[in-house]
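Below you'll find the structure, written out as structure tokens, and then a few comments.
Residue numbers (this note's numbering), protein chains in the order written: chain A, 1 to 231; chain B, 232 to 439.
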């Protein structure tokens, strides 16, 4: 992740061209053409936007809505988009702000509503888990039932560990590691300076490592016994 | 880095590996004198990098499974619809013109209508107090038969009370005897024979 790859640079140039064209068409009153051109940008960034929204919200339907809202908002405010910033960075910032608003609203709601999982969970801890997503029931193709089960279990643990990270650490980890952004881009997206981004990323990794200790224990044999040698 | 790490007398800690990996994101490769010299730590670092990459892959795969082609297509269509709705603002249907003319409150018409209504109300109340309309209506209802009789005998000064109609002959005669006379007709009255005189004479003869 030393810098943007040539393909990323080319994609960004194409984005900048499309965004400028949409802006010009909007200004000229050719709304139908502007919508058509904007659909290209939507198609190009939709999957990545969906991933980010899902990592923030952990709910497929809500992530869908957040992505839609972000694209509509970006279209409405495309006039304020400055070409010196990549379109995907500008758009991702809109998306993240929308996701954070949704998380805040959800937190307010959940303060007054007892979640079903919490209600059904017995004090003994058995039978209280509820699947959050349909995808958890879908078997991965070509895997044995045991592998599928283990894989599903691992995903659930990683997702749970990620959700236990503080908000900033989670944002930085998702953007820089899962989405492959540079520190500079994460800095532009989150409003934090680059050194702070690196500190948050370091702390996020340390915490994930601690939360997923047994996952680490499943690492290759040569790593065991040498975990903590120096302080 | 700790002093031991700097001196190269110990292996790298978990924190050091994490820091090296974080720094390596920017430079493209993790570099450290001990890491280059110690195959064990190099192995640990590689394991660490594999683990963290695995976490990222797992999270990416999980999200990608959620984003099925159908879901993306439906989402794209929904975005297109919403953007189209943004370009075409919602039409607001106007209320009927007459209703709007009465309701709209920015003209003097409404003020004048209000003032006129209030004035009519006050005037009606005042007149109601001055003229006892209800009493008049009730009195008219009670006097209706007498009024009809009086209309038929307009020339009479004294009107007959309503109970006159039900008297027998005796009572009618006695009433006639006691009734006051009209002064202007007294001359004619004197010239004509009186029925009462005839009746009295007849009675006297019978008793004799």
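Glycine included, each C-beta is placed from N, C-alpha and C at the ideal position.
| Check | Outcome |
| --- | --- |
| Judging by CA-CA distance, which residue of A:186, A:179, A:15 and A:197 is the nearest neighbour of residue 87 (chain A)? | A:15 |
| Report back the beta-carbon spacing between residue 189 (chain A) and residue 89 (chain A) to the nearest angstrom; my notes put them in contact at under 8 Å. | 6 Å |
| May I ask you to list, following chain order, the residues of the segment 52 to 77 of chain A that have a beta carbon less than 8 Å from some beta carbon of chain B? | 54, 55, 60, 63, 64, 67, 68, 71, 72, 75 and 76 |
| Give me the chain A residues within the contact set of residue 287 (chain B), using Cβ-Cβ distance strictly less than 8 Å, ordered along the chain. | 177 and 178 |
| Evaluate the contact criterion for the segment 172 to 186 of chain A versus the segment 303 to 313 of chain B: three or more CB pairs, one atom per stretch, below 8 Å. | no |
| Please list the terminal residues of the continuous alpha helix (DSSP H) segment that includes residue 45 (chain A). | 31 to 57 |
| By how many angstroms is the C-alpha of residue 322 (chain B) removed from the C-alpha of residue 210 (chain A)? | 57 Å |
| Quick test of your reading: residue 59 (chain A) and residue 98 (chain A), contact by CB under 8 Å. State the CB separation rounded to the nearest angstrom. | 14 Å between Cβ atoms; not a contact. |
| Using 8 Å as the limit for Cβ to Cβ distance, is residue 131 (chain A) near chain B? | At residue 131 (chain A), the pLDDT of 44 sits below 50, so the modelled position is not reliable; the number obtained from the coordinates is stated separately. No, residue 131 (chain A) does not count as interfacial toward chain B. |
| Quick one: using the 10 Å Cβ neighbour count with 16 as the cut-off for buried, is residue 77 (chain A) buried or exposed? | exposed |
| Grouping DSSP H, G and I as helix and E and B as strand, with all else coil, what is residue 253 (chain B)? | helix |
| Pairing CB atoms from the segment 162 to 169 of chain A with CB atoms from the segment 189 to 208 of chain A, are three or more of them under 8 Å? | yes |
| Residue 366 (chain B) to residue 350 (chain B), Cα distance in whole Å? | 25 Å |
| Step through the CB atoms of chain A and report whether any lies within less than 8 Å of the CB of residue 256 (chain B). | yes |
| For residue 360 (chain B), count neighbouring Cβ atoms within 10 angstroms of its own Cβ and tell me buried if that reaches 16, exposed if not. | exposed |
| Report the three-state DSSP secondary structure of residue 96 (chain A) (helix, strand or coil). | helix |
| Mind listing the chain B neighbours of residue 201 (chain A)? Cutoff is C-beta to C-beta under 8 Å, in chain order. | 253 and 256 |
| So, at 8 Å on beta carbons, what are the nonlocal neighbours of residue 193 (chain A) in its own chain, with the 5 sequence-adjacent residues on each side left out? | 187 |
| Output needed in chain order: residues of the segment 35 to 49 of chain A with a Cβ under 8 Å from some Cβ in chain B. | 35, 38, 39, 42, 43, 46 and 47 |
| Is the beta carbon of residue 62 (chain A) closer than 8 Å to that of residue 102 (chain A)? | yes |
| Within the 8 Å Cβ cut-off, does residue 267 (chain B) reach chain A? | no |
| Between residue 315 (chain B) and residue 35 (chain A), which are expected to be in contact by the criterion C-beta below 8 Å, what is the C-beta distance as a whole number of angstroms? | 6 Å |
| Using the three-state DSSP reduction, which class does residue 77 (chain A) fall into: helix, strand or coil? | coil |
| Where does residue 355 (chain B) land, buried or exposed, given buried means 16+ other C-beta within 10 angstroms? | exposed |
| Could you pull out every unbroken alpha helix (DSSP H) segment of at least 4 residues lying fully inside the segment 284 to 355 of chain B, listed in chain order? | 300 to 318 and 328 to 334 |
| Taking all protein chains shown into account, decide if residue 437 (chain B) is buried (16 or more other Cβ within 10 angstroms of its Cβ) or exposed. | exposed |
| Do you know how far the Cα of residue 51 (chain A) is from the Cα of residue 66 (chain A)? | 11 Å |
| Roughly how many whole angstroms lie between the Cα atoms of residue 21 (chain A) and residue 249 (chain B)? | 44 Å |
| DSSP state of residue 421 (chain B), grouped into three classes? | helix |
| So which residues on chain B does residue 159 (chain A) lean against when the C-beta distance must stay under 8 Å? | 290 and 293 |
| What separation, rounded to the nearest whole angstrom, lies between the Cα atoms of residue 345 (chain B) and residue 305 (chain B)? | 57 Å |
| What residues of chain B sit near residue 198 (chain A), judged by a beta carbon separation below 7 Å? | 253 |
| Hey, does residue 127 (chain A) have any beta-carbon neighbour from chain B nearer than 8 Å? | Low local confidence applies: a pLDDT of 42 at residue 127 (chain A) is under 50, so the model's placement there is unreliable, with the coordinate-based value given in what follows. Residue 127 (chain A) does not count as touching chain B. |
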